[in-house]
Amino acid sequence: MRRIGYVFVAAWQGFWRNPVMSVAATLTVSLMLLLFAFFIVTDRGLQAAVVALESKVELVLYIDEGAKPSDTLALKARIEKDPAVARVEYVTKQQALERLRELAQRKEDFTLADIGTNPLPASLEVKLANAQATGRLAASLREELGRGVVTDVIDNPTVVEKLLTITRVLSIGGLAVLAMMLFVALFVIVNTIRIAVHARRDEIEIMQLVGATDWFVSWPFIVEGMLVGVLGAIVALAVLAAAAQPVTSAMVGFLDILPVSLGTSFVLELAAGVLGFALLVGGFGASFSVRSQLSKGARA
Amino acid sequence: MIRLEDVSKRYPNGTAALQDVDLTIGAGEFAFLVGSSGAGKSTLIRLLIREELPTTGRVVVNGKDVARMRRSQVPHLRRLVGVVFQDFKLLPTKTVTENVAFALVVTGHTGRVVREETERALQVVGLSHRRSHFPRELSGGEQQRVAIARALVNRPRVLIADEPTGNLDPVTSWEIIKLLTHVQELGTTLVMATHNAEIVNALRRRVIHLDKGSVVRDEREGLYAA
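Same order as they appear, the protein sequences are chains L and U.
Position one of the first sequence corresponds to residue -19 (the working numbering), numbered consecutively onward.
Position one of the second sequence corresponds to residue 340 (the working numbering), numbered consecutively onward.
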């Protein structure tokens, strides 16, 4: 118990009695973590954008003027059973015309001449839960053609294909950048701690000379590394918290179609993740650095 | 207390630092190690605390073969053998008390024992009034006294001093030498490497003269030069 007390006191003293090195290391760690956290948030936003984009994929079935409403509703129910389908919306002829009128009002160069009859067909709009299934679903729905209900299936295969390519690049690219950032943060933090420990190699040598066991030499350094990590994480998270509101509102203002709100559970996960990462990297970095110094002191 | 049998030390770069050294230093003895720079004095001291391993031969301290010791036993050897260096080797971020107490804390002592023994060691070297200072706030002589207090606090059987007066003025040097002889008179084996002829000649103790890695002279009440 007292040994543990000694470790914490020694770690605390080591931190505060080498203020320049400690502050420099802490700032480096917080910058790295900030960068890392920023990329996590960005990646999260990207994934949300991917989901939003893919949810825009839909199939439209035009309904024959003479189709019985009961047949149409039966078809709707059948399509809804497919797991790749999120929901199916029935748009009547009247609703289709309303939409066209609304569109015409918003676009200046688009005037709707007064039309006596309604030329627009009723339709079923199929929203997909899984955009990859568009092709398969479209093919199966084409089998309905000529059975008296469906007159046409609109699926825009090239647009969907392009969209899927973009979202795939965004997902994989985001993940790759994140992995790279993780590596960079790890490397820079471990190296910073290594330099801080190396600067105190005389101290390690002296400890060994007065008969300190490896345990006694290393643990204060390991705890000090964790302290640097945790303080760095706190600074990084504080900056992130302060910046979150303005950045989010700017993002939402800029990309108003994308839902970039992150949610409380994600924020908590992020904070815990950054803190845990910093703690582990700080501790392991210090342990690794002290060990390499220790082996130089006591030849075995 | 200390026995070297046919000890040779050759560094990886080919330098032969010690050659066929046979030496016995009894418990409670006082021995000077003299010789020019590079004669092997520092290497001999490093072998005694196992900072280096001998290339051949046996180094026995307090009945134990230092070279055959497991790495985990090295800290125990170093508590048995106190060392004082020319450059003091104090921890700059620890106060005088903490520097001395540290040597006790690492051996697993706690609380009252640490406080009392640290105070005792500081009284022996006459530095109780400086206990809260940091090494940089002390003179060279005071720093060396802190180093001696740290070496003594574990009540070692052997005290090794490697050029303990090398960085000090003559008056301060004498104070340190008086302190070290006092410690030896209380029963600690003392081995002192030095270039200070005046001190060696005045004390007339055993003198072990090293030259090019070999013992060329070993006299009971010797002088610095033959």
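Yeah, the Cβ is synthetic: ideal placement off N, Cα and C, and Gly gets one too.
Quick caveat, the model's predicted, so the values are computed rather than measured.
According to DSSP, H531(U) sits in a beta bridge with which residue or residues?
By one-based count along the second sequence, residue 531(U) stands at place 192. It is Met, not His, that sits at residue 531(U) in the sequence shown. Looking at the DSSP assignment, M531(U) forms a beta bridge with F371(U) and A500(U).
If you follow the beta strand (DSSP E) that K107(L) is part of, which residue opens it and which one closes it?
Counted from its first residue, the first sequence places residue 107(L) at position 127. Looking at the DSSP string, the run of the beta strand (DSSP E) that includes K107(L) is A102 to L108.
Going by C-alpha distance, which of G46(L), L92(L) and S103(L) is nearest E69(L)?
Position 89 of the first sequence, counted from the start, is the residue given in the question as residue 69(L). Looking at the Cα atoms, S103(L) is the closest of the given residues.
Once you ignore the five residues that flank S275(L) on each side, which residues in its own chain have a CB closer than 6 angstroms to its CB?
As a first step, residue 275(L) must be located in the first sequence, where it is residue number 295. The answer is none, since no qualifying residue turns up.
Determine the closest residue to I547(U) out of T382(U), L372(U) and A541(U), with distance taken between C-alpha atoms.
Stepping through the second sequence from its first residue, residue 547(U) is reached at position 208. Nearest C-alpha to I547(U): L372(U).
Against P414(U), what residues of chain L qualify as contacts under a CB-to-CB distance less than 7 angstroms, listed in chain order?
Reading the second sequence from its first residue, position 75 is the one you call residue 414(U). Near P414(U) (Cβ distances below 7 angstroms), the residues of chain L are G191, A192 and T193.
Nearest by alpha-carbon distance to L477(U): which of T434(U), G450(U), L387(U) and R489(U) is it?
Within the second sequence, the letter at position 138 stands for residue 477(U). The residue with the shortest Cα to Cα distance from L477(U) is T434(U).
Determine whether the Cβ of F(-12)(L) lies closer than 8 angstroms to any Cβ atom of chain U.
Position 8 of the first sequence, counting from 1, holds the residue named residue -12(L). False, the Cβ-Cβ gap to chain U never drops below 8 angstroms.
Considering only residues of the same chain and omitting the five flanking positions on each side of F268(L), which have a CB-CB separation below 8 angstroms?
As a position in the first sequence, residue 268(L) is number 288, starting the count at 1. Excluding its 5 nearest sequence neighbours in each direction, F268(L) has C-beta neighbours in its own chain below 8 angstroms: V170 and R174, listed in chain order.
So, for R279(L): in the same chain, excluding its five sequence neighbours on each side, which residues have a beta-carbon less than 6 angstroms away from its beta-carbon?
By one-based count along the first sequence, residue 279(L) stands at place 299. Note that R279(L) scores a pLDDT of 47, beneath 50, so its modelled location is shaky and nothing firm can be said.
Determine, using beta-carbon pairs with one atom in the region 366 to 381 of chain U and one in the region 512 to 532 of chain U, whether at least three such pairs fall under 8 angstroms.
yes
Indicate the three-state DSSP secondary structure (helix, strand or coil) for Y42(L) in the structure shown.
The residue given as residue 42(L) occupies position 62 in the first sequence. It is a strand residue.
Evaluate the contact criterion for the region 42 to 52 of chain L versus the region 113 to 120 of chain L: three or more CB pairs, one atom per stretch, below 8 angstroms.
no
By how many angstroms is the C-alpha of V129(L) removed from the C-alpha of A54(L)?
As a first step, residue 54(L) is located in the first sequence; it is residue number 74 there, counting from the start. As a first step, residue 129(L) is located in the first sequence; it is residue number 149 there, counting from the start. Each residue's Cα considered, the two are about 10 angstroms apart.
Count the other CB atoms, across all protein chains shown, that sit within 10 Å of the CB of L199(L); report buried if there are 16 or more and exposed otherwise.
Position 219 of the first sequence holds residue 199(L). One detail in the question is off: residue 199(L) reads as Trp in this sequence, not Leu. By the 10 Å Cβ count, W199(L) comes out buried.
Could you tell me the distance, in whole angstroms, from the CA atom of R349(U) to the CA atom of V554(U)?
As a first step, residue 349(U) must be located in the second sequence, where it is residue number 10. As a first step, residue 554(U) must be located in the second sequence, where it is residue number 215. R349(U) and V554(U): Cα-Cα distance of roughly 16 angstroms.
With 8 angstroms as the threshold, decide whether the Cβ of A442(U) is near any Cβ in chain L.
Within the second sequence, the letter at position 103 stands for residue 442(U). Answer yes: the Cβ-Cβ gap between A442(U) and chain L drops below 8 angstroms somewhere.
Would you mind giving the Cβ-Cβ distance between D132(L) and Y42(L), rounded to the nearest angstrom? I have them listed as a contact below 8 angstroms.
Start at 1 with the first residue of the first sequence, and residue 132(L) comes out as number 152. Start at 1 with the first residue of the first sequence, and residue 42(L) comes out as number 62. Indeed, because the Cβ distance is near 4 angstroms, the residues count as touching under 8 angstroms.
Give me the residue from R544(U), P393(U), P431(U) and E456(U) with the minimum Cα distance to I184(L).
Taking the first residue of the first sequence as position 1, residue 184(L) is located at position 204. Closest by alpha carbon: P431(U).
Can you tell me whether T91(L) is buried or exposed? The criterion is at least 16 other CB atoms within 10 Å of its CB, across all chains shown.
The residue labelled residue 91(L) in the question sits at position 111 within the first sequence. So T91(L) ends up on the exposed side.
Would the beta-carbon of L143(L) be found less than 7 angstroms away from any heavy atom of the ligand FAD?
The ligand FAD is absent from the structure shown, which contains no ligand whatsoever.
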